[in-house]
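Below: the structure, in structure tokens.
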Amino acid sequence: MKALALTDSGNLYGAIEFYKECREQEIKPIIGVDFYVARRTRKDKEARVDNERDRLILLAENNAGYLNLLKLVTDSYLEGFYYKPRIDRELLEKYNDGLIAISTPARHGFAAGESGGESKWYREIFGERFYLGVTPQSLPNLKKKDENIVAIYDVHYLEPADRPVLDTLVSIQGQLRENHTFNKEVDRSFISADQAKEDFRNFPEAIENTVKIADRCNVELELGKWVFPNYVVESGKSYNEELRIIVYSGLEKKKLNKTSEIIERIEYELKIITDKGYAPYFLVAADLLRYAHNHGILTNTRGSAAGSMVTYLSGITTIDPIKYALPFERFLNPDRPSPPDIDLDIADDRRDELIEYARHKYG
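Below, the structure is given as structure tokens:
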């Protein structure tokens, strides 16, 4: 097996674990989502009207596509959740770059002999990145042959013997005494390449297109690397330079004596922070607290961050670590890979205000 796709329903819960395991087994991972699509808009939530929804599989073709998957999943939960997290046409028009779309047989207009309105709209949005998904069960109903059909299987478990587990989980989810969700005659286990070729022997292009799609999908994730918000330094200086300026400015504001002990402590901490690439983290934390204090939002910083002179002088903490003999290494140890952890407590009645500021500024 050269490539494998995972498309969880409405989310990306298993994506990272799947990606890492595929890489370890030298299999190309294809990350996707089997989305729920609102038939009206994601914001329509009328009882007995908007509880019906369609499905659309989206695969990340590249890193831009992966980022768009993240945006779509986020908005489906925050804006479109109604029984299930839903997206709509507006979101697809906005976040389709780098994505390959595969319709499901029930709604693409060919399997059911419809006019193909859904498929026509998807083609307009995705162009040659749109495929009609067909299953072995839907082939007899295929009214029109299309070069952009692709073989898909609704896989939910590895072996046929695992079926009772799925039935039990679905029954629990739906609070049913018996499972009424899936057709028990349809095997939803993982199938072999030989079986797929046999199932689609009269439609070889459906199998060929799986290879074409796999070749197009190339997402490269940098796992294990810390990604910080994009803190904009208006002066154009580097993150490290900006943090140094803020720290020494804080030293002036607090009117502390510039003793050799204080300067050595500052330089010691700054070297560790900059060597590890954590300057943006400190800049963002200081910015959030600066906003809170300027707007009268009560805050408290607790934990080992109190052992840092940099956090004290940048306004993140309020305790002088030298005065109280607090060790910096408890907060950030140069010999350990663990990142710093700044714990912020924010007044309950103003927390949403600070979260909105962070969302608006940092995304």
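Numbering (the working numbering), first residue to last: 102 to 464. Beta carbons: idealized from backbone N, C-alpha and C, even for Gly. Note that the structure is predicted; figures quoted are calculated from it, not measured.
Using CA atoms only, rank isn't needed, just tell me which of the options is closest to residue i.
| i | options | result |
| --- | --- | --- |
| V287 | V348, P265, F304 and R302 | P265 |
| L259 | T236, I253, K355 and F291 | F291 |
| T175 | F136, R403, F383 and N163 | F136 |
| G166 | G133, S293 and E219 | G133 |
| E457 | R437, I363, K103 and L389 | L389 |
| I158 | I367, S336, Y223 and I374 | Y223 |
| P440 | I374, L193, L427 and A407 | I374 |
| G199 | F304, R317 and E454 | R317 |
| R190 | C123, A139 and K172 | A139 |
| H396 | R452, G325 and H461 | R452 |
| K372 | E342, E229, G337 and A387 | E342 |
| P305 | Y340, Q126, N249 and Y349 | N249 |
| L179 | I128, K103, K144 and K354 | K144 |
| K377 | I420, R437, E127 and R124 | R437 |
| R230 | G181, I201 and H461 | I201 |
| H257 | R289, F227, S239 and Q274 | R289 |
| F227 | L445, I253, E194 and A262 | E194 |
| A470 | T412, I364, P435 and E127 | The first residue shown for the chain is 102 and the last is 464, placing residue 470 beyond what the model contains. |
| Y109 | E147, L170 and R149 | What sits at residue 109 in the sequence shown is Asp, not Tyr. Taking only the C-alpha atoms, the option nearest D109 is L170. |
| E454 | N434, H394 and G408 | H394 |
| L445 | C123, R149, T419 and N434 | T419 |
Is the distance from the Cβ of residue i to the Cβ of residue j below 7 angstroms?
| i | j | result |
| --- | --- | --- |
| Y232 | I203 | yes |
| L344 | A380 | yes |
| Y332 | L384 | yes |
| Y120 | P130 | yes |
| D151 | Y183 | yes |
| T402 | I417 | yes |
| F432 | S405 | yes |
| I308 | K298 | yes |
| R156 | T205 | yes |
| Y392 | F329 | no |
| G234 | K185 | no |
| P237 | D300 | yes |
| V334 | A161 | no |
| N164 | V251 | no |
| I367 | M410 | yes |
| V348 | L414 | yes |
| L168 | L192 | no |
Could you check what DSSP says for residue i in three-state terms: helix, strand or coil?
| i | result |
| --- | --- |
| R289 | coil |
| D436 | coil |
| G234 | strand |
| K298 | helix |
| F304 | coil |
| S216 | Note on S216: pLDDT 40, under 50, position unreliable in the model; the coordinate value appears next. Reduced to three states, the DSSP call for S216 is coil. |
| F329 | coil |
| P441 | coil |
| D145 | coil |
| K129 | strand |
| D453 | helix |
| A104 | strand |
| D255 | coil |
| Y463 | helix |
| S272 | helix |
| A448 | coil |
| Y114 | coil |
| V334 | coil |
| V312 | helix |
| V320 | coil |
| D263 | helix |
Pop quiz: residue i and residue j are said to be a contact at Cβ under 8 angstroms. What is the actual Cβ separation, rounded to whole angstroms?
| i | j | result |
| --- | --- | --- |
| L399 | A459 | Actually they do not touch by this definition, with Cβ atoms about 17 angstroms apart. |
| A116 | L107 | 7 angstroms |
| I128 | K103 | 7 angstroms |
Under 7 angstroms between C-beta atoms, does residue i make it to chain D?
| i | result |
| --- | --- |
| G199 | Absent from the structure: chain D. Only one protein chain is present. |
- Ignoring anything shorter than 3 residues or poking outside the region 150–211, list the beta strand (DSSP E) runs there in chain order. 154–161 and 200–204
- Task: Scan the region 343–425 and note each continuous alpha helix (DSSP H) run of 4 residues or more that stays entirely inside, going in chain order.
- Result: 361–376, 380–395 and 410–414
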